[in-house]
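Student: Position 481, counted from 1, in the sequence shown is what UniProt numbering calls 481; the numbers after and before it change by one each time, with no gaps. Have a look at the structure that comes next, please.
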Amino acid sequence: MLRLPPAGRPGRDRGAVVLPGAPGYASAAELAERPRVAVVGGGIAGVAAAVGLVERGVAVHLFEREADLGGRLRGWPTTADGLPTTMSRGFHAFFRQYYNLRALLRRVDPALTALRPIADYPLLHTDGTTETFAGLPRTPPWNLAGFVLRSKAFTLADVRRMSPGVGVSLFDVSVPRIYAELDSVDATSYLRDIGFPPAARHLAFEVFSRSFFADPTELSAAELATMFHIYFLGSSEGLLFDVPRGPFCRTLWRPLRAHLERSGARVELSCPVDRIDRAGDGYLVRTDAGTTEVDGVVLATEVPALRRLVDASPGLGDPAWRARVGALRSAPPFLVSRLWLDRPARADRAPFLGTSGFTHLDNVSVLDLFDDDARVWRRRTGGSVVELHAYALDSRDQDAVVRVAVEEMRAVYPELRRARVRHEEHVLAEDCPLFAPGTFATRPTVTTGDPTLVLAGDGIRVDLPVALMERAATTGFHAANTLLERWRLRGHDLWTVGNRGRSALLRRVARRSRAG
Numbered sequence: 001m002l003r004l005p006p007a008g009r010p011g012r013d014r015g016a017v018v019l020p021g022a023p024g025y026a027s028a029a030e031l032a033e034r035p036r037v038a039v040v041g042g043g044i045a046g047v048a049a050a051v052g053l054v055e056r057g058v059a060v061h062l063f064e065r066e067a068d069l070g071g072r073l074r075g076w077p078t079t080a081d082g083l084p085t086t087m088s089r090g091f092h093a094f095f096r097q098y099y100n101l102r103a104l105l106r107r108v109d110p111a112l113t114a115l116r117p118i119a120d121y122p123l124l125h126t127d128g129t130t131e132t133f134a135g136l137p138r139t140p141p142w143n144l145a146g147f148v149l150r151s152k153a154f155t156l157a158d159v160r161r162m163s164p165g166v167g168v169s170l171f172d173v174s175v176p177r178i179y180a181e182l183d184s185v186d187a188t189s190y191l192r193d194i195g196f197p198p199a200a201r202h203l204a205f206e207v208f209s210r211s212f213f214a215d216p217t218e219l220s221a222a223e224l225a226t227m228f229h230i231y232f233l234g235s236s237e238g239l240l241f242d243v244p245r246g247p248f249c250r251t252l253w254r255p256l257r258a259h260l261e262r263s264g265a266r267v268e269l270s271c272p273v274d275r276i277d278r279a280g281d282g283y284l285v286r287t288d289a290g291t292t293e294v295d296g297v298v299l300a301t302e303v304p305a306l307r308r309l310v311d312a313s314p315g316l317g318d319p320a321w322r323a324r325v326g327a328l329r330s331a332p333p334f335l336v337s338r339l340w341l342d343r344p345a346r347a348d349r350a351p352f353l354g355t356s357g358f359t360h361l362d363n364v365s366v367l368d369l370f371d372d373d374a375r376v377w378r379r380r381t382g383g384s385v386v387e388l389h390a391y392a393l394d395s396r397d398q399d400a401v402v403r404v405a406v407e408e409m410r411a412v413y414p415e416l417r418r419a420r421v422r423h424e425e426h427v428l429a430e431d432c433p434l435f436a437p438g439t440f441a442t443r444p445t446v447t448t449g450d451p452t453l454v455l456a457g458d459g460i461r462v463d464l465p466v467a468l469m470e471r472a473a474t475t476g477f478h479a480a481n482t483l484l485e486r487w488r489l490r491g492h493d494l495w496t497v498g499n500r501g502r503s504a505l506l507r508r509v510a511r512r513s514r515a516g
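Right under this line is the structure:
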């Protein structure tokens, strides 16, 4: 069971860093007039912003276009061969370094009992090479040393052949400096230039880089280095993670919606925002249901929706800011396929397997090994619920991609070769942010130049070592803090992994390398 961290720290890592919230009034009730804020988007970023604001007494109106909260982490009911169950946009890993996301979840689940630890997530290449993270030391640099000593794809001989002058940057990551150094280079070129062994590059780094929904040739090397810092060399939380015990909608979003509404927020579902106009010092938020007048706005949508809303709202921002929003790009399409099978995967399978070198298959999850709803399917039918992910697709032919990914899954899990698919559901989407080389400097930030208009989301720049779901939660709380500070209300503390390399010796080596 997961438990509360020691008092004063969000996890086990003594190197974690706190960014204290600004001082101020404890509640908007102490102000002459209660501020009103519209939060557009009910994913992680929007919910974090709404929670941060409503907990300080701000009048919050949250607009979400879908029928439930969650954004790209939402879930919805379905039926598999007559049995009620759920579908979602795919497996997500809740790493222990996700301090601000976990702080959000602790609002409704202080001990995080809704999360279940995953003991290991092995990696598999098509050539049969495997790696595992179970049993590694958690404290850097011993975690790296342990990985190298037992790795089949990354050996001590490979370490000696690497280029120290360039590669040492991985050991002294600091945001935003690392972007000034590496953002102009793509991840594949960077790893090749430092002499990173091809086997390890294809197995480990490709698996992680594709978790950003992009091929490594289209991913900024700075983003890759930051990720390496967050999950490996910058934190002693370890590389293992937790997953929700049940569907996202039930374990995460319904409790958080109830928390918001109990705190006084108004949550509008199935209510997309069409346009936002300036009205004096405030804004008019327009939906099919009517117009809402507010004093501040948090835009917390995914990239395509943000571009559309800004295009439809000519009164927002100046031309330079609007151009930065318009330049945001989405990563290539990705596919999530969930299969309800009539035969079980082996009980000793890892719940999650990362794969590399396949045509389409990027990972496989056996949901009935950790998800309570899927366990019901296994118990009642004797089968398994298996989920496949395919990232950075160059085709939108869903049937063709599904066919290949399923064939590759059956090759990896031979016990499922003859399994019959009793039900299947698929999601093909193209709405995740792309962190392409050379884009960091122009990426929109939480602040916009308008003190009452802020952005949040995993595609929004924040100069902290965070990524993926944690970037969404962090920018959401940061957006709330920005508005709270304007109204002289107390902000919320934010936590991150340390924003520098953990080894003083390696930092000195990196500084000398940069100076040379």
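For every residue, glycine included, the Cβ atom is placed at its ideal position computed from N, Cα and C.
Looking at the structure shown, is Thr-496 part of a helix, part of a strand, or coil, going by DSSP?
Tutor: Residue state, collapsed to three classes: strand.
Student: In whole angstroms, what separates the C-alpha of Val-385 from that of Val-336?
Tutor: One C-alpha to the other measures close to 13 Å.
Student: How far does the alpha helix (DSSP H) with Phe-228 in it extend, from its first residue to its last?
Tutor: Residues 221-228.
Student: Considering Cα atoms alone, identify which of Arg-488, Cys-271, Ala-67 is closest to Val-58.
Tutor: For Val-58, the nearest C-alpha among the options comes from Arg-488.
Student: Rounded to the nearest angstrom, what separates Ser-88 and Gly-75 at their Cα positions?
Tutor: About 4 Å.
Student: Residue ranges of each beta strand (DSSP E) run of no fewer than 3 residues wholly in the region 282-330, ordered along the chain?
Tutor: Complete beta strand (DSSP E) runs here, min 3: 282-287, 290-294, 296-299.
Student: Indicate whether Leu-484 and Thr-474 have their beta-carbon atoms separated by less than 8 Å.
Tutor: No. Outside cutoff.
Student: Roughly how many angstroms separate the alpha carbons of Ala-456 and Gly-42, rounded to a whole number?
Tutor: Ala-456 and Gly-42: Cα-Cα distance of roughly 11 Å.
Student: Measuring only between beta-carbons, confirm whether Ala-345 sits less than 8 Å from chain B.
Tutor: Any reference to chain B falls outside this structure, which holds one protein chain only.
Student: Do you know how far the Cα of Ala-49 is from the Cα of Val-60?
Tutor: So the alpha carbons of these two residues sit roughly 10 Å apart.
Student: If you check the beta carbons only, do Val-37 and Val-294 fall under 8 Å apart?
Tutor: Yes, they are a contact pair.
Student: Closest to Arg-396 by C-alpha separation, out of Ala-429, Val-376, Arg-422, would be which residue?
Tutor: The shortest C-alpha separation from Arg-396 is found at Ala-429.
Student: Return the bridge partner residues of Val-267 from the DSSP annotation.
Tutor: DSSP output for Val-267 lists Leu-62 as bridge partner(s).
Student: Tell me which residues share the same chain as Asn-363 and place their Cβ nearer than 8 Å to its Cβ, disregarding the 5 neighbours each side in the sequence.
Tutor: Excluding sequence neighbours, Asn-363 sits near Phe-91, Val-207, Phe-352, Leu-353, Gly-354, Thr-355, Leu-388, His-389.
Student: Ordered along the chain, which non-local residues of its own chain (more than five positions away) have a Cβ less than 6 Å from that of Leu-19?
Tutor: Leu-494.
Student: Can you look up Thr-126 in the DSSP assignment and give me helix, strand or coil?
Tutor: Three-state DSSP puts Thr-126 in coil, outside helix and strand.
Student: Considering Cα atoms alone, identify which of Arg-380, Ala-300, Arg-507, Gly-501 is closest to Tyr-231.
Tutor: The residue with the shortest Cα to Cα distance from Tyr-231 is Gly-501.
Student: Over what stretch of residues does the beta strand (DSSP E) that includes Ala-214 continue unbroken?
Tutor: Note, Ala-214: premise wrong, no beta strand (DSSP E); not H, not E.
Student: Going by DSSP, name the residue or residues bridged to Met-87.
Tutor: Answer is Trp-76, bridged to Met-87.
Student: May I have the straight-line CA-CA distance separating Ser-503 from Asp-431, to the nearest angstrom?
Tutor: Rounded to whole angstroms, Ser-503 to Asp-431 spans 38 Å at the Cα level.
Student: Bridge partners of Leu-388, per DSSP?
Tutor: Ser-337, Val-364, per the DSSP bridge assignment.
Student: Are Pro-433 and Arg-461 touching if we call contact CB-CB under 8 Å?
Tutor: Against a cut-off of 8 Å, the Cβ pair of Arg-461 and Pro-433 comes out as no contact.
Student: May I ask you to list the residues that DSSP assigns as paired with Ala-279?
Tutor: Bridge partners of Ala-279: Gly-282.
Student: Using only the alpha-carbon positions, how far apart do Arg-410 and Arg-418 sit?
Tutor: When rounded, the distance between both Cα atoms is 8 Å.
Student: Could you check whether Asp-68 and Trp-321 sit closer than 8 Å to each other, using their CB atoms as the reference points?
Tutor: In this structure, Asp-68 does not lie closer than 8 Å to Trp-321 by Cβ.
Student: What does the Cβ neighbour count give for Glu-415, buried or exposed, with the cut at 16 atoms within 10 Å?
Tutor: The residue in question, Glu-415, is exposed, as its Cβ has fewer than 16 Cβ neighbours within 10 Å.
Student: In three-state terms, what does DSSP make of Pro-198?
Tutor: In the structure shown, Pro-198 sits in a helix (DSSP, three-state: H, G or I).
Student: For a quick check, are the C-beta atoms of Thr-226 and Val-175 less than 8 Å apart?
Tutor: In contact: Thr-226 and Val-175 (Cβ atoms closer than 8 Å).
Student: Using the C-alpha atoms, what's the distance from Thr-113 back to Met-1?
Tutor: Bear in mind that a pLDDT of 36 at Met-1, under 50, signals an unreliable position, so the number given afterwards is only what the model happens to contain. When rounded, the distance between both Cα atoms is 7 Å.
Student: Any contact between the region 143-150 and the region 258-271? By contact I mean 3 or more CB pairs, one from each, below 8 Å.
Tutor: No, the region 143-150 does not touch the region 258-271.
Student: May I ask which residues mark the beginning and end of the beta strand (DSSP E) holding Phe-241?
Tutor: It spans 241-244 - the beta strand (DSSP E) in which Phe-241 sits, taken as one unbroken run.
Student: Phe-435 by DSSP, collapsed to three states: which one?
Tutor: Coil.
Student: Look up Pro-475 in the DSSP assignment and say whether it is helix, strand or coil.
Tutor: As written in the sequence, residue 475 is Thr, which differs from the Pro given in the question. Helix at Thr-475.
Student: Decide yes or no for the touch test of the region 22-40 against the region 283-294: beta carbon pairs closer than 8 Å, at least 3 of them.
Tutor: These segments touch.
Student: Closer than 6 Å by C-beta to Glu-64: which residues in its own chain qualify, once you throw out the five before and the five after it? Chain order, please.
Tutor: Only Gly-42, Leu-269 meet the Cβ criterion.
Student: Please list, in chain order, all residues of the same chain as Ala-350 whose beta carbon is under 7 Å from its beta carbon, the five residues on each side excluded.
Tutor: The answer, listed in chain order, is Asp-120, Tyr-121, Pro-122.
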